[in-house]
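Each residue of the sequence shown is one higher than the one before, starting from 397 at the first, in this note's numbering. Glycine is no exception: its CB is placed at the ideal position from the N, C-alpha and C atoms. Working notes, beginning with the structure itself.
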Amino acid sequence: MFECQLTHIHNTARMWTFITVTFGLLFTRLAGAQTINDCPASLPRNSFLQVHGDSCFQFVLFRERTHTQAKADCHSNGGTLALVKTPEIQDYIYHEILSTYYGSTVKVWVGLNDIDNENIYKWEDGSPVTFSNWNTGDGPASGTTGTSHHALNHNQNDCVVLDVGLKGKWVEYPCESHPLFIVFSQNEAHMYVCQFKLHIIPTAAAATTTPPRTSGSLVTQADTTQMEILTNVEHELETTQEQGVQVTEQPNTHATEDFEVTEETEEPVSESPD
397 MFECQLTHIH NTARMWTFIT VTFGLLFTRL AGAQTINDCP ASLPRNSFLQ VHGDSCFQFV
457 LFRERTHTQA KADCHSNGGT LALVKTPEIQ DYIYHEILST YYGSTVKVWV GLNDIDNENI
517 YKWEDGSPVT FSNWNTGDGP ASGTTGTSHH ALNHNQNDCV VLDVGLKGKW VEYPCESHPL
577 FIVFSQNEAH MYVCQFKLHI IPTAAAATTT PPRTSGSLVT QADTTQMEIL TNVEHELETT
637 QEQGVQVTEQ PNTHATEDFE VTEETEEPVS ESPD
């Protein structure tokens with residue numbers, strides 16, 4: 397009976413310890429979500445710096461630069477002009493400028509151009525274009541179709557802006573300057589958005605000998621580390637439980653002594669002679 401009660405107590409303690417550790421790890425993971433502190437240290441921590449997905453985005457909406465100058469500024473901090481490779485990133489940048497920064501007519505440089513080969517657009521990191529959001533008369537087809545200013549000057553318009561005033565459409569512009577009254581020219585300067593990789597410092601928990609995640613696996617290294625911790629907790633509880641059971645199996649010498657019955661021999665009573 398006592399052994400069953402002890403087993404029940406240890407099982408209950410094991411369950412609550414498992415729940416406590418699980419929720420503790422979950423809270424730690426949520427609390428460890430990336431913030432702007434994981435962005436490059438050289439970037440100012442202000443309202444123009446955001447974390448989205450696995451990247452930091454700096455919305456440089458407080459000055460205008462040529463494409464070359466903007467690109468150099470992003471590179472100086474270890475990043476690139478924004479790589480708008482997916483509809484999700486497109487919507488994020490467009491809505492942040494429109495709703496958060498109230499830039500309803502803003503144009504921002506992005507990291508797309510055809511500087512190296514006319515009509516062959518590629519992103520700043522060298523990757524090809526798989527998603528596009530060109531304005532009518534701009535992009536690869538603008539050299540053969542369209543009558544807009546940008547289409548007529550397609551060969552000079554090698555760099556790209558995201559135009560919030562055109563609902564986020566992409567428009568070609570000269571990278572440095574554009575003609576003004578035929579003889580003169582002025583710099584083609586716009587605001588811009590830089591993109592950076594998050595700079596995550598490995599924690600003690602991550603610095604384990606756990607094999608890295610393999611292709612196609614849904615278990616990350618962090619998940620494996622958590623499972624190892626839980627396994628260790630279970631092992632400790634099992635060890636404690638076994639030790640407790642062993643105690644109950646030891647002979648209780650005191651109980652034996654308490655309940656030991658000694659037989660007393662009754663000596664015959666000798667009758668005295670009358």
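Judged by their CB atoms, His463 and Cys571 are nearer to each other than the 8 Å cut-off.
Boundaries for Lys481: no alpha helix (DSSP H) harbours it, and the DSSP string shows neither H nor E there. Cα atoms of Asp450 and Met587: separation of roughly 23 Å, rounded to the nearest angstrom. In the three-state DSSP reduction, Gln582 falls in the strand class (E or B). In this structure, Val502 sits away from Ile489, with a CB-CB distance that is not shorter than 8 Å. For the pair Gln552 and Ala429, the Cα-to-Cα distance works out to about 44 Å. Taking the Cα positions, Ala478 is about 15 Å away from Thr526. Nearest C-alpha to Tyr497 among Ser443, Ala437, Asn513: Ser443.
Inclusion of Leu594 and Cys452 in the CB contact set at 8 Å is warranted, their separation being smaller than that value.
Considering only Cys435, Asp559, Gln582, Ala437, the residue with the shortest C-alpha distance to Trp505 is Asp559. Contact check for Pro436 against Phe592 passes: the beta carbons are separated by less than 8 Å.
Shown here for Gln486: same chain residues with a beta carbon closer than 7 Å to its own, the five before and five after excluded, namely Val480, Asn529, Gly564 in chain order. For Ile511, the closest of Cys590, Val456, Gly535 by C-alpha to C-alpha distance is Gly535.
Going by C-alpha positions, Glu514 is about 12 Å away from Glu568. DSSP, read as helix, strand or coil, puts Tyr569 in strand. With respect to Leu494, Val556 sits apart: the two C-beta atoms are not nearer than 8 Å.
Sorting Glu460, Glu492, Arg461 by C-alpha distance to the C-alpha of Leu445 places Glu492 at the top.
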